[in-house]
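Notes follow the structure.
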Amino acid sequence: MKSSKIKKGLNYIKIARGTLNAYLLTLVLFLIFGGILYFTKISENIIPPVVIVLSAVSIIISGINATRDIEQLGWLHGGLIGFLYVAILLILGLFVMPSMSFGLGTVIDLVLGFAVGALAGVLGVNL
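Heads up, the final residue of the sequence shown is numbered 127 in full-length UniProt numbering, and it's a clean run with no missing numbers.
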């Protein structure tokens with residue numbers, strides 16, 4: 001049961017931990033998927049959609065976990081976790097591919113990351 005104490009505002013620690021947890025979960029899921037690819041004859045063409053799904057799953061699980069014990073602004077906490085997950089991924093991508101350009105696709109990725117995280121935050125607060 002949730003406590004009757006309502007904390008106002010954002011909990012930046014939960015957002016940071018949620019983002020970090022999303023990356024750790026992504027790493028574990030990617031290692032499992034890599035093992036599946038290595039030991040089976042699954043086509044490598046499946047990699048891009050699986051990466052998107054596993055990233056979304058990581059954001060969802062981390063968003064739910066981060067917002068389970070807060071009573072308000074779950075959508076914002078989860079949304080920021082998703083947004084930061086994608087933003088950090090894009091920034092790290094610049095180090096790997098310095099010629100990477102930002103455009104409408106980048107904005108869509110950030111908005112979708114926020115939306116998936118916000119949905120997870122709503123679920124987490126209401127579970």
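Where is the CB? At the ideal position from N, CA and C, for every residue including glycine.
{"Check": "Any 3 or more C-beta pairs closer than 8 Å across the stretch 39 to 50 and the stretch 85 to 103", "Outcome": "no"}
{"Check": "Complete runs of the alpha helix (DSSP H) confined to the stretch 72 to 117 [at least 4 residues]", "Outcome": "74 to 96"}
{"Check": "Start and end residues, alpha helix (DSSP H) containing ARG17", "Outcome": "12 to 39"}
{"Check": "Helix, strand or coil at GLY121 according to DSSP, with G and I counted as helix", "Outcome": "helix"}
{"Check": "Rounded separation between LEU74 and LYS41 - CA only", "Outcome": "Inspection of the sequence shows that residue 74 is occupied by Gly rather than by Leu. Using only the alpha carbons, I get a separation of about 41 Å."}
{"Check": "Option in GLY79, GLY78, GLU71, LEU110 with minimal Cα separation from LYS90", "Outcome": "Sequence inspection shows Leu at residue 90; the Lys mentioned does not correspond to that position. Among GLY79, GLY78, GLU71, LEU110, the Cα nearest to that of LEU90 is on LEU110."}
{"Check": "N-terminal and C-terminal residue of the alpha helix (DSSP H) that LEU54 is part of", "Outcome": "47 to 67"}
{"Check": "C-alpha gap between ASP69 and GLY34, whole angstroms", "Outcome": "34 Å"}
{"Check": "C-alpha distance - PHE83 paired with PHE95, whole-angstrom precision", "Outcome": "19 Å"}
{"Check": "Cβ distance (whole Å) where GLY113 is taken to contact TYR85 below 8 Å", "Outcome": "6 Å"}
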